[in-house]
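Novice: Can you keep this structure in mind? I'll have questions shortly.
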Amino acid sequence: MSSIYFLGIGGTAMASVAVALSHSGHAVSGSDTSLYPPMSTYLEMHNIRYFKGFSEKNIKRATPDLVVVGNAVSRGNCELEFALEHRMELISMPELVRRELIGRHTSMVVTGTHGKTTTTSLLAWLLDGGGLKPGFLVGGIPENFSLGCRASGMGEQGFFVTEGDEYDTAFFDKRSKFMLYRPDIAIINNIEFDHADIFDSLDAIRKSFRRFVNLIPRNGTLLVNGDDPVAGEVSANAFCPVERFGFGKNCEWSASDISCSGDMTTFTLLYRGTPLETLSVPLFGNHNVMNTLAAVAATRHAGVSMEGIARTLPLFRRPKRRMEITGGLRSGITLIEDFAHHPTAIRATLDAIAALYKGRRIVACFEPRSNTTTRNIFQKELARCFGPAAVVVMGKVHRPERYRPEEQLDTGVLSKELQEQGKTVFLAGTGNQAYPGDILDFLAETLRKDDVVILMSNGSFSNLKSLFLDNFG
Numbered sequence: 266m267s268s269i270y271f272l273g274i275g276g277t278a279m280a281s282v283a284v285a286l287s288h289s290g291h292a293v294s295g296s297d298t299s300l301y302p303p304m305s306t307y308l309e310m311h312n313i314r315y316f317k318g319f320s321e322k323n324i325k326r327a328t329p330d331l332v333v334v335g336n337a338v339s340r341g342n343c344e345l346e347f348a349l350e351h352r353m354e355l356i357s358m359p360e361l362v363r364r365e366l367i368g369r370h371t372s373m374v375v376t377g378t379h380g381k382t383t384t385t386s387l388l389a390w391l392l393d394g395g396g397l398k399p400g401f402l403v404g405g406i407p408e409n410f411s412l413g414c415r416a417s418g419m420g421e422q423g424f425f426v427t428e429g430d431e432y433d434t435a436f437f438d439k440r441s442k443f444m445l446y447r448p449d450i451a452i453i454n455n456i457e458f459d460h461a462d463i464f465d466s467l468d469a470i471r472k473s474f475r476r477f478v479n480l481i482p483r484n485g486t487l488l489v490n491g492d493d494p495v496a497g498e499v500s501a502n503a504f505c506p507v508e509r510f511g512f513g514k515n516c517e518w519s520a521s522d523i524s525c526s527g528d529m530t531t532f533t534l535l536y537r538g539t540p541l542e543t544l545s546v547p548l549f550g551n552h553n554v555m556n557t558l559a560a561v562a563a564t565r566h567a568g569v570s571m572e573g574i575a576r577t578l579p580l581f582r583r584p585k586r587r588m589e590i591t592g593g594l595r596s597g598i599t600l601i602e603d604f605a606h607h608p609t610a611i612r613a614t615l616d617a618i619a620a621l622y623k624g625r626r627i628v629a630c631f632e633p634r635s636n637t638t639t640r641n642i643f644q645k646e647l648a649r650c651f652g653p654a655a656v657v658v659m660g661k662v663h664r665p666e667r668y669r670p671e672e673q674l675d676t677g678v679l680s681k682e683l684q685e686q687g688k689t690v691f692l693a694g695t696g697n698q699a700y701p702g703d704i705l706d707f708l709a710e711t712l713r714k715d716d717v718v719i720l721m722s723n724g725s726f727s728n729l730k731s732l733f734l735d736n737f738g
């Protein structure tokens, strides 16, 4: 076994792969600057040695056989420069996954702008419930496994499920990560504009997805959101069979009689209009019904019975930070944390919460953090996506200095537009009070009995969840 060093080990996928390869017998270490829970805790729990901060001394001390370069690492990083100067072997994380974990297994890849983590977690869980012991890589920590990545347990001819990100691979490989995973069974959940730091248009994203579709062999299968015209367009010239999932009449896989009760959504699964089974899943919102349809369809193509799927699905547990619910707080307040950071995902999440907690006031706290929402690309869309929320807390724009003033998201204008809709809006980080303490002070004055508070960010939100629980738990 070899010694592997992860440069940028704090990333969700990087940390997960590091743990999986450590469990496979490799000596694993790494370094990063931004390490916070849950990934810092995850690394420590699995006894992965890592250095906080970058220094040539770190990589010298590790003396690795192989250096995995995270896609957030760029030229100028002192450890990367040392590795280049000393001709160390470099590899991207997706290439390492393909080589060490996917190998000869049937590769199942979940792609799309939204829903990848939940769908990948569902698919891995359903395959596991069907006795197939899949390997997987998820962009989060699936609660059913408490591991973000693991090797297949079925020799060399099993299944490996990968969350296929369209983001770029490494500083030396600008292809989307999903291009490295060699799909046999693929899912496209939806396609919208995102990742403005690497894609300059929706057309550029379409091009990357077309290339992905072109990798699927003739004896493979492509499952596509039949209600998404862009997803349908990029799959039009696939060489493999294509099946659609969704609510439209042209979808092979669909759902009817959808209802929510307690902690379950129940629906009738249809294939080509014929009822197959009544399924229950502990997820909420139509977007999660779509995620479930995709995972169930892929599971059936892997050979798992409907009986096995129906038995396993209700036991699914959401990945961390995907509508992660904390109840039993002071004054009956419920706290929910979600990864939503794109206007479409924000609206879908809030719609699902409104349906689940009917009659309760929703307080939405949003941090503009992604490379897309920190710019003004979605200025208008963000003003329209908070519909179900009565109160909106707008966090500070993350690292606005990266862009010219005319390119930045204008939270002042956004705040005014939300107020005109009748919402109470708090613009954090603009006064004399330290951030995010100003959010806590506002919430202390604003929250009412039985309010539902939702924290939405693709980052740590300056540790707001822990601070909230300390104050309102």
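Each residue of the sequence shown is one higher than the one before, counting from 266 in this note's numbering.
Think of the CB as a built atom: it goes at the ideal place given N, C-alpha and C, for glycine as much as any other residue.
1) How long is the line joining the alpha carbons of G318 and S296, rounded to whole angstroms?
2) List the DSSP bridge partners of W789.
3) In whole angstroms, what separates the C-alpha of A292 from that of E421?
4) Classify K322: buried if its beta carbon has 16 or more other beta carbons within 10 angstroms, exposed otherwise.
5) Just to confirm, are L487 and A503 a CB contact at a threshold of 7 Å?
6) Leaving out five residues on either side along the sequence, give the residues of the same chain with a beta carbon under 7 Å from the beta carbon of P359.
7) Alpha carbons only, please: which of A280, H351, G275, R634 is nearest the one belonging to S299?
8) With a cut-off of 8 Å, do at least 3 Cβ pairs link the stretch 610-625 to the stretch 704-714?
9) Pull the bridge partners of Y270 from the DSSP assignment, please.
10) Compute the Euclidean distance between the alpha carbons of H552 and L355, then round it to the nearest angstrom.
11) For Q673, which residues from the same chain have a beta carbon less than 8 Å from its beta carbon, with the 5 sequence-adjacent residues on both sides left out?
12) DSSP beta-bridge partners for Y315?
13) I'd like the list of long-range same chain contacts for L361, defined as Cβ closer than 6 Å, with 5 residues on each side in sequence excluded.
14) For the beta strand (DSSP E) containing E589, list its first residue and its last residue.
15) Where are the beta strand (DSSP E) runs, 3 residues long or more, that stay fully inside the stretch 600-647, in chain order?
16) Quick one: any contact between the stretch 461-475 and the stretch 533-546, if contact means 3 or more CB pairs under 8 Å?
17) Drop a sphere of 10 angstroms on the beta-carbon of R483, count the other beta-carbons inside from all chains shown, and report buried for 16 or more, exposed for fewer.
18) Checking 7 Å against the spacing of the C-beta atoms, do D459 and T637 come in under that value?
19) Using a Cβ distance threshold of 8 Å, determine whether the stretch 572-580 contacts the stretch 677-690, with at least three qualifying pairs required.
20) When DSSP builds the beta bridges, which residues end up paired with A451?
21) Could you tell me the boundaries of the beta strand (DSSP E) in which V658 lies?
22) Count the other CB atoms within 10 Å of the CB of G550; is the residue buried (16 or more) or exposed (fewer)?
23) Can you have a look at N336 and say buried or exposed, based on whether 16 or more other CB atoms are within 10 angstroms of its CB?
24) Verify whether the separation of the beta carbon atoms of A619 and I719 is less than 7 Å.
25) Just how far apart, CA to CA, sit V426 and S305?
26) Which one or two residues does DSSP pair with D438 in a beta bridge?
27) Which residue wins for smallest C-alpha separation from A501, given the options G511, F510, V489, H607?
28) Compare the Cα-Cα distances from G696 to each of G660, F631, M555, E671 and report the closest residue.
29) Distance, Cα to Cα, I367 vs G400?
30) Roughly how far, in whole angstroms, is the beta-carbon of S725 from the beta-carbon of Y301, given that I think they are within contact range, below 8 Å?
31) Quick check: the stretch 587-605 against the stretch 533-541, are there 3 or more CB pairs under 8 Å?
32) Which same chain residues end up closer than 8 Å to E508 when comparing Cβ atoms and leaving out the 5 residues on each side of it in sequence?
33) Among I313, R587, L272, Y622, which has the Cα closest to the Cα of V284?
34) E428 to T557, Cα distance in whole Å?
35) In terms of DSSP beta bridges, what is T543 paired with?
36) Counting along the chain, where does the alpha helix (DSSP H) carrying G677 start and finish?
Specialist: The relevant details are as follows:
1) The straight-line gap from Cα to Cα measures roughly 6 Å.
2) Within the shown structure, residues of the chain are numbered from 266 to 738, placing residue 789 beyond reach of any answer.
3) 22 Å
4) exposed
5) With a cutoff of 7 Å on beta-carbon distance, L487 and A503 are scored as near each other.
6) T434, K442, L445, Y446
7) G275
8) no
9) In the DSSP assignment, Y270 forms a beta bridge with S294, V332.
10) Cα-Cα distance, rounded: 39 Å.
11) T639, R640, N641, V662, P665
12) According to DSSP, which records beta bridges pairwise, Y315 is partnered with G295.
13) V333
14) 589-591
15) Qualifying beta strand (DSSP E) stretches, in chain order: 627-631.
16) no
17) exposed
18) yes
19) The stretch 572-580 makes no contact with the stretch 677-690, as fewer than three CB pairs between them are under 8 Å.
20) V374, L487
21) 656-659
22) With 16 or more other Cβ atoms from the protein chains shown falling within 10 Å of its own Cβ, G550 counts as buried.
23) Buried, since its Cβ has 16 or more Cβ neighbours within 10 Å.
24) no
25) 24 Å
26) Answer is A435, bridged to D438.
27) V489
28) Nearest neighbour of G696 by Cα position, chosen from G660, F631, M555, E671, turns out to be G660.
29) 8 Å
30) The beta-carbon separation of S725 and Y301, rounded to 5 Å, stays under the 8 Å limit for a contact.
31) No: the two stretches stay apart, fewer than three of their Cβ pairs being nearer than 8 Å.
32) T486, L487, L488, V489, E517, W518, A562
33) I313
34) Each residue's alpha carbon lies about 15 Å from the other.
35) Partner(s): T533.
36) 676-685
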